[in-house]
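Using the numbering used here, the first residue of the sequence shown is number 73, and each one after it goes up by one. Every residue gets a Cβ at the ideal spot worked out from N, C-alpha and C, and that includes glycine. If you're wondering where the values come from, they're calculated on a predicted model, not measured in any experiment.
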Amino acid sequence: MSELINNSEETHSIASIVNDPFKKNKIVSIDAHYTKRVFGTGEWYAWGHVEFKDGNTSGTQRFEAENLDELMIQMHNFLKNMK
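Written out as structure tokens, the structure reads:
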């Protein structure tokens, strides 16, 4: 394996088969949740994620916030700045 990593020509060919899924046109789902914490104080909190898929390569960007408004701002800014 170390020979493969040290050979830039072979490393490039392996990297070329891995598709970058983090592109706006590769989004497959956007989820946002506002729920009470199960443990602890029982306070409400917000969390969400954006899922991507490009061929056999997938990825997830996660978000957490104290409230739903803050979560929506984070997710909106993330999506607005994507290519």
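Considering just the uninterrupted stretch of the beta strand (DSSP E) at residue i, what are its terminal residues?
i	result
lysine 125	116 to 126
isoleucine 99	99 to 108
Consult DSSP for residue i and reduce its assignment to one of helix, strand or coil.
i	result
glutamate 61	The question about residue 61 has no answer, for the chain in this structure spans 73 to 155.
Given residue i, which residues of its chain have a CB within under 8 Å of its CB, disregarding the five upstream and five downstream residues?
i	result
methionine 154	Phe94, Lys95 and Lys96
threonine 132	His121, Val122, Glu123 and Phe124
asparagine 128	Asn91
Quick one: residues in its chain with C-beta nearer than 6 Å to the C-beta of residue i, no 5 flanking neighbours on either side, listed in chain order?
i	result
phenylalanine 102	Reading off the sequence shown, one finds isoleucine at residue 102, where the question assumed phenylalanine. Around isoleucine 102: Val122.
lysine 108	Gly114 and Trp116
glutamate 136	Trp119
serine 74	Only weak support exists for where serine 74 lies, its pLDDT of 46 falling under 50; the value from the coordinates is given anyway. None.
Would you call the segment 123 to 132 and the segment 143 to 151 in contact, with 3 or more CB pairs under 8 Å?
no
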